[in-house]
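**Q**
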Amino acid sequence: MDLQGSTVSLDGVYDCRANRRAIFNRDMIPNIPENTRGRKAPKRGRKLLFDPAIFEERFRTIERVFAWEDKFRRLLLRFERLSPVHYAFKTLA
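Position one of the sequence shown corresponds to residue 12 (the numbering used here), numbered consecutively onward.
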C-alpha cells in the first residue's frame, strides 16, 4: 500500500517534533493540532500545518467506531471462543 502524500491525522497529545519528523520522513503530511501544554506565549517559528476539516472528519469516523464498540461490549470483550460466532455478532450489530 502506497501512503506517500497521504495525511496522518493525530490527537494533540502526539504533537512533538519527533512525531512530525517521522511522518515527514515517510513522505506523509502530519495533521496534528498544536498542544499548548500550559504555554502563555505562542510558540516561536514557522506555524505548523493543521487543517481542522480533516481533523473533524477523523473524529467523526474513527472516534465513532470506538464509541460503537463500547456500546457493544460483547463484541469488544469477545466472549465467543469461535471466530465465526464473533464475526456473526459483528454482522448483526
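For each residue, glycine too, the CB sits at the ideal point set by N, CA and C. Bear in mind the structure is a predicted one, so any value in this text is a computation, not a measurement.
#1: Reducing DSSP to helix, strand and coil, say where residue 94 ends up.
#2: Exposed or buried, which one is residue 24 when buried takes at least 16 other CB atoms within 10 Å?
#3: Can you give me the Cβ contacts of residue 44 inside the same chain, cut-off strictly under 6 Å, excluding the 5 residues immediately before and after it?
#4: For residue 94 and residue 69, what's the separation of their Cα atoms in angstroms?
#5: Which word fits residue 20, buried or exposed, when buried means at least 16 other C-beta atoms lie within 10 angstroms of its C-beta?
#6: Mind checking whether residue 66 and residue 46 have CB atoms under 8 Å apart?
**A** Taking the definition as stated:
#1: Residue mapping note: residue 94 aligns to position 83 of the sequence shown, counting from 1. In the structure shown, residue 94 sits in a helix (DSSP, three-state: H, G or I).
#2: Translated into the one-based positions of the sequence shown, residue 24 becomes position 13. Looking at its Cβ environment, which holds fewer than 16 other Cβ atoms inside 10 Å, residue 24 is exposed.
#3: Taking the sequence shown and counting its residues from 1, one reaches residue 44 at position 33. Answer for residue 44: 23 and 61, listed in chain order.
#4: The residue labelled residue 94 in the question sits at position 83 within the sequence shown. The residue labelled residue 69 in the question sits at position 58 within the sequence shown. Roughly 29 Å separates the two Cα atoms.
#5: Walking along the sequence shown from the start, residue 20 turns up at place 9. Per the 10 Å Cβ criterion, buried.
#6: By one-based count along the sequence shown, residue 66 stands at place 55. By one-based count along the sequence shown, residue 46 stands at place 35. Contact: no.
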